[in-house]
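Written below as structure tokens is the structure these notes are about.
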Amino acid sequence: MHHTFSPQECVRKGGIKHMPGIYIYGGGDEDDGEGEGNGEATSRKAAINQSIRLEQLDLPTSSCAMLVSTRETMPWFASWQTGVSFLLGVGSKTKDTTTLCNNETFREDDDGDLRKALTNLNESVKTEFQRQLQKTVSWADLSQFFTRWGRVYPSTRRRLVQKRSLRSQDCRESSSRKPPYFDDLLSVPQAQPVILHRLAPEVAALLQQHSGEEYGVSSALSNALKNGTVIWSHFARAVVQLNHHVVVKLGPNISLTDADMTAHIQSHSTDIPVPQSLGVLSLGGITYSFMRRINGCSLDKLWPDLTDIEKCSVRDQLDLILEKLRSLPLPNQYLGGGNPPQCVNCSMAKRTSPLFIESETQFNEFLLSGNCQPGMESYIEFIRPMLRENHHFILTHSDLHPRNILTVRVGEEIQVTGLIDWEVGDVYPEY
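Here the sequence shown is numbered in UniProt numbering, starting from 1 and rising by one per residue.
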């Protein structure tokens, strides 16, 4: 006859109580109950193992919280052979940090990579745990599983945290300390400016404000950049906030597609939040694309701390924005973007299409041309008939990820305030 045990009975009879509803038998001085000899002990082990189910592991708390050895957590149970307890962060979250066990916290500027890695680690533990329970008898000894993970888990987690800590330190240092080449990037070449898109009045006024005694676009722009705030930088590119309303994206080979796409979108819709282009100029091989600043924080900073309801709200807002984007009229009959319009394929290496692709047949040929290597001919001919040629063509961002989505918290709600970085925004098949 099978017996069930209360939490108190599990502890009294040699079991381990480590979270409400989850009990792991740790042994004790009693007979192990293997075979047919001790039915009560066997039933007790089966009942305890049965209580460790996947749905009980999926608690409404942080999935990236640390899993630590019960021997380390409650050392007074000296008879335990092995065990695991899920010490999870509290359900309520603060705005700045999420507190975990052992005083472990996430920084406000964490980009979510560490949480994702730790969540994946914990999910792998839970998945293997459930698999072990499913493929063994209900009263099996799980000590070997706990012993192995008790050894592997702490070191694996420690490596992930240390790796992210070093990377975060590098990021914080790089964000607070300009790289050696950055001053050169902010020093605008003394050259004749080439106006690629007409400058808006507020940009002209801003340059006039920084012109100094000897007026010149180069010196004025250089002064404005050096007095601005660097929002983002990567190698020879940067985004600098010049004042409360104007930012500039600068670097060599900055595509005009960004300004073209946002101008086209704003000419057909006021419901799609994109930065307003304020003009583009080129000086000495460097392109300066001015745009109106959008208030908000990138979604990758906020996402880890959002509730499920808030995440669903962001999803729904993006659905509406992208649905409107896909319904806008196209700027011309060609696929791709830029002037002249070209398609770009970055699936393996960056490739640019021939000019003026007008049909999906031509587009498919461009995709297949990247695989034209010796021995691939038969494979290409096998794939070719499978590619449809009747998709609708729509506008797409082409580089939409959390860092390019700006959001703000208004009261208890999260609002999407902008989609930025349209440099590879193009016209492509609807898929």
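All residues carry an ideal CB built from backbone N, CA and C; glycine is no exception.
Under the three-state reduction of DSSP output, L367 falls in the helix class. Residue environment: R384 is assigned as exposed (fewer than 16 neighbouring CB atoms within 10 Å of its CB, all protein chains considered). DSSP places D426 in the strand class (E or B) of the three-state scheme. Between L328 and S255, the C-beta gap is not smaller than 8 Å, which leaves the two residues out of contact. The beta carbon of H245 is closer than 7 Å to those of E202, R292 and R293 in its chain, skipping five residues each way along the sequence. Between the beta-carbon of G375 and that of M261 there is about 39 Å, and that puts the pair past the 8 Å contact cut.
Under the 10 Å beta carbon count, A349 is surrounded by fewer than 16 other beta carbons and is classified as exposed.
In the three-state reduction of the DSSP assignment, N345 falls in the strand class, which pools E and B. Here T127 carries a helix assignment [DSSP, helix/strand/coil]. If you draw a straight line from the Cα of N227 to the Cα of V248, it comes to about 13 Å. Note on geometry: alpha-carbon atoms of V427 and E323 lie some 14 Å from one another. Assigned with DSSP and collapsed to three states, A200 falls in coil, not helix or strand.
Of the candidates F393, L400 and G418, the residue whose Cα lies closest to the Cα of Y431 is F393.
Judged by their CB atoms, V161 and L114 are nearer to each other than the 8 Å cut-off. Around the Cβ of D319, a 10 Å sphere holds fewer than 16 other Cβ atoms; the residue is exposed. Rounded to whole angstroms, the gap between the alpha carbons of D258 and G425 is 7 Å. Nearest to L395 by alpha-carbon distance, out of Y334, W149, L281 and V314, is Y334. Beta-bridge partners of E413 (DSSP): V410.
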